[in-house]
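Chemist:
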Ligand SMILES: NC(=O)c1ccc[n+]([C@@H]2O[C@H](COP(=O)([O-])OP(=O)(O)OC[C@H]3O[C@@H](n4cnc5c(N)ncnc54)[C@H](OP(=O)(O)O)[C@@H]3O)[C@@H](O)[C@H]2O)c1
């Protein structure tokens, strides 16, 4: 299926690795000009090269922290200047600290809010005036299946991410009809974030080995495995394309069927 994204301008936040990188790669492979960002210069350079290997359009990599509103404003402005507009915004973010509720701190709660929710709010405040000018405007927010079913040991994600779905549901109405907005809910995908969560559970003594931890993430998935990040990236590219022209305000799980709700 041709997703008809040739020449469109896309900004993907927190995208020098993992699900953001996979989303940027899928959009670039379908012909979009793409801007990626992250905090670490070296990782950004590697990610840019990886995307350029499949891209037909331009790829721009910017050092930016999505918890800094000035960085976010600069990111949007630079993308618009480079590509002459902005058609697609995909928001990802860093992970928030794992751990049980009674061990979470006030600082972690406010930090999680900035990382997961305010990063999206700042991005959309800056991007909306450009998206409504596009004839293909879309917003796709990467969240987690934790917005539907709580995940053990991830209270910050379980509680705070739901705010992003509230934002998506609202802007899907307020930005329409010019712009569609959807959320994707990834289940476990093989990225650095999953490694970090398995390592943390190992440290808490929940598993005897890394392999056991990884198997546990796949154990309740009907497809019998965790996802490849590109399987999430492809879903993001589809939702960004006009092939999904009547999909608006949806929260689409990409989890191999694990969610029961
Ligand atoms: N992987 C999964 O299975 C899964 C499932 C459900 C939900 N999620 C969630 O999806 C999001 C992405 O996960 P992932 O697996 O793709 O993680 P990842 O592989 O660790 O990638 C995170 C990316 O975000 C960048 N980043 C982190 N904090 C940032 C910040 N403040 N400003 C700008 N860039 C930042 C990182 O680069 P720098 O560190 O260099 O900035 C990196 O490029 C996370 O919120 C995660 O919790 C992941």
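In this note's numbering, the protein residues as written are 2 to 262.
For each residue, glycine too, the CB sits at the ideal point set by N, CA and C.
1) Please determine, among 33, 144, 2 and 126, the residue with the shortest C-alpha to C-alpha distance to residue 71.
2) With a 10 Å radius around its C-beta and 16 neighbouring C-beta atoms as the bar for buried, classify residue 224 as buried or exposed.
3) Closer than 8 Å by C-beta to residue 230: which residues in its own chain qualify, once you throw out the five before and the five after it? Chain order, please.
4) Counting only the same chain and skipping the five closest in sequence on each side, list residues whose C-beta sits under 6 Å from that of residue 96.
5) If you follow the beta strand (DSSP E) that residue 89 is in, where does it begin and where does it stop?
6) Start and end of the alpha helix (DSSP H) containing residue 46?
7) Taking the alpha helix (DSSP H) that residue 74 falls in, what are its first and last residues?
8) Could you name the residues of the same chain whose beta carbon sits closer than 8 Å to that of residue 42, not counting the 5 residues immediately before and after it, in chain order?
9) According to DSSP, residue 129 sits in a beta bridge with which residue or residues?
10) What do you get for residue 120, buried or exposed, if any count of 16 or more other CB atoms within 10 angstroms of its CB means buried?
11) Could you tell me the boundaries of the beta strand (DSSP E) in which residue 186 lies?
12) May I ask you to report which of helix, strand or coil DSSP gives residue 67?
13) Any chance the CB of residue 172 is under 7 Å from a heavy atom of ligand 1?
14) Would you be able to state if there are at least three C-beta pairs under 8 Å between the segment 168-186 and the segment 246-260?
Modeler: On the basis of the data shown:
1) 126
2) exposed
3) 19, 20, 22, 23, 190, 191 and 192
4) 194
5) 89-92
6) 42-53
7) 70-84
8) 64
9) BP columns for residue 129 are empty, so no partner.
10) buried
11) 181-187
12) coil
13) no
14) yes
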